[in-house]
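A.B. asks: Numbering (the numbering used here), first residue to last: 1108 to 1508. Here a beta-carbon is modelled for each residue, glycine too, at the ideal position from N, C-alpha and C.
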């Protein structure tokens, strides 16, 4: 099997006229195992995910995505602003494709200046490519795969296999990007890695898209939630927390296996809950600007994008004191922390709904935090410095720690 020259040719990835290329490099990004551009679109996150790589490609001049979608992914070419697509046009199983993709796309990958992973899951594809071609590899960990699996899987063999894969990939990496200092400490303790290879870079937010919109009136006592409707996010606790709050309404954005149970419980408790399902990412700022308070009731997190986007919209946010949230929010300054129990979430909602001055102060602090530490440009600067092994560009300070 040979790669498709039309998809792999570096000539196809020449920067469009007018782009300012600051570093002449070719970056090849490996998507999460099993993920495709069509999958991003179906999940409503295509625009959010691809915006980062569009911006990066403008800065380096050449970028390609190794995806798990078939030829349907190639149809996205016109929406990517010059990014190349290296799809699974052979329709191989995701596990097999993750092993052989470096060979199937060898003409494109061998020309890369640097390899980057989108997440840890599937990052071994990049590690194999590094072994084959000797290319610099940067591993991004938006969340720690093994830590999440410890909570989600009761299969000890699967957990051991993931730890072995994760450790092998991280030891092979030239740089390791983590979203939080807690993630860095976890990986250092588990795998005894060189601390000098780590960089703490938070998830980014498009602060021009996610911003306060004064022309959209806040709806009194409307509470917002955005996320998957599964056990990790614990939306059942949020439903319970809504009980007995006069006039309170809940807007739930997202879908998942708990949706039917959530709808049933909301009916049984006579709660006012709107289930919006999945919505396109570009619609989220409008929905977030409608609500007075945002709640993330998770049992654990990485560096939650939904909460960062709510903060960027100037919303007062309530988060549970769990990994990934308690290190993001400063209680009373950038958000409101509570225990991961419905009673504590209930008390936090009541406290914010009844105190307009507190909501305003927390919303302002949240917006300032995201602008200072998580803007797209700051995160791009920091990632490019890690990818290229150079100081951050344009003289900006790196993303906040």
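Per DSSP, what kind of secondary structure is residue 1384 in: helix, strand or coil?
C.D. replies: In this structure, residue 1384 counts as strand in the three-state DSSP scheme.
A.B. asks: With a cut-off of 8 Å, do at least 3 Cβ pairs link the stretch 1177-1196 to the stretch 1141-1152?
C.D. replies: Judged by Cβ distances under 8 Å, the stretch 1177-1196 makes contact with the stretch 1141-1152, as three or more pairs qualify.
A.B. asks: Please name the residue or residues paired with residue 1330 in a DSSP beta bridge.
C.D. replies: Beta-bridge pairing links residue 1330 to 1357, 1400.
A.B. asks: How should residue 1377 be labelled, buried or exposed, when 16 other C-beta atoms within 10 angstroms of its C-beta is the threshold for buried?
C.D. replies: Under this definition residue 1377 is an exposed residue.
A.B. asks: Starting from residue 1240 and walking both ways along the alpha helix (DSSP H), at which residues does that stretch end?
C.D. replies: Element bounds for residue 1240: 1231-1240.
A.B. asks: Compute the Euclidean distance between the alpha carbons of residue 1342 and residue 1206, then round it to the nearest angstrom.
C.D. replies: C-alpha separation (whole angstroms): 37 Å.
A.B. asks: Give me the Cα-Cα distance between residue 1133 and residue 1152, rounded to the nearest whole angstrom.
C.D. replies: Each residue's alpha carbon lies about 25 Å from the other.
A.B. asks: Within a Cβ cutoff of 8 Å, which residues of the same chain sit near residue 1163, ignoring the five residues on either side of it in sequence?
C.D. replies: The residues are 1134, 1170, 1487, 1490, 1491.
A.B. asks: Just to confirm, is the Cβ distance from residue 1474 to residue 1418 under 8 Å?
C.D. replies: A contact, by the Cβ cut-off of 8 Å.
A.B. asks: First and last residue of the beta strand (DSSP E) that includes residue 1169?
C.D. replies: Residue 1169 -> beta strand (DSSP E) spans 1168-1173.
A.B. asks: Run the proximity test for residue 1320: is its beta-carbon closer than 7 Å to any non-hydrogen atom belonging to the ligand GDP?
C.D. replies: Looking for the ligand GDP in the displayed structure turns up nothing, as the structure carries no ligands at all.
A.B. asks: Based on the DSSP secondary-structure assignment, which residues constitute the bridge partners of residue 1443?
C.D. replies: The partner list for residue 1443 (beta bridge, DSSP) reads 1425.
A.B. asks: For a test of the three-state rule: what should DSSP assign to residue 1144, helix, strand or coil?
C.D. replies: Correct three-state label for residue 1144: helix.
A.B. asks: In the structure shown, what three-state DSSP assignment does residue 1284 receive?
C.D. replies: Looking at residue 1284 - three-state DSSP - the assignment turns out to be strand.
A.B. asks: Go through its chain and collect everything with a Cβ distance to residue 1344's Cβ below 8 Å, but skip five positions before and after it.
C.D. replies: If we look at residue 1344 and ignore the five residues flanking it on each side, its Cβ neighbours are 1404, 1447, 1448, 1449, 1452.
A.B. asks: Give me whichever residues DSSP pairs with residue 1193 in a beta bridge.
C.D. replies: Partner(s): 1173.
A.B. asks: Start and end of the alpha helix (DSSP H) containing residue 1414?
C.D. replies: Unbroken alpha helix (DSSP H) run through residue 1414: 1412-1419.
A.B. asks: Let me confirm a value: residue 1313 is counted as buried when at least 16 other C-beta atoms fall within 10 Å, else exposed. Which label applies?
C.D. replies: Per the 10 Å Cβ criterion, buried.
A.B. asks: Between which two residues does the alpha helix (DSSP H) harbouring residue 1484 extend?
C.D. replies: 1483-1495 is the span of the alpha helix (DSSP H), which, as asked, contains residue 1484.
A.B. asks: Put residue 1225 into one of helix, strand or coil per three-state DSSP.
C.D. replies: Coil at residue 1225, not helix or strand.
A.B. asks: With 16 as the cutoff for other CB atoms within 10 Å, does residue 1290 come out buried or exposed?
C.D. replies: So residue 1290 counts as buried.
A.B. asks: Just confirm the distance between the C-beta atoms of residue 1246 and residue 1201, as a whole number of angstroms; I'd bet it's less than 8 Å.
C.D. replies: Contact doesn't hold; Cβ gap of about 19 Å is too wide.
A.B. asks: Please check the pair residue 1431 and residue 1408, which I expect to be a contact at CB under 8 Å, by giving their CB distance rounded to whole angstroms.
C.D. replies: Contact flag correct, Cβ pair sits at about 3 Å.
A.B. asks: Beta carbon of residue 1173, beta carbon of residue 1232: below 8 Å?
C.D. replies: Against a cut-off of 8 Å, the Cβ pair of residue 1232 and residue 1173 comes out as a contact.
A.B. asks: What are the boundary residues of the beta strand (DSSP E) that includes residue 1244?
C.D. replies: That run of the beta strand (DSSP E) goes 1243-1248.
A.B. asks: Among 1195, 1311, 1495, which residue has its Cα nearest to the Cα of residue 1157?
C.D. replies: When only C-alpha atoms are compared, the closest one is 1311.
A.B. asks: According to DSSP, which residues form a beta bridge with residue 1438?
C.D. replies: The partner list for residue 1438 (beta bridge, DSSP) reads 1442.
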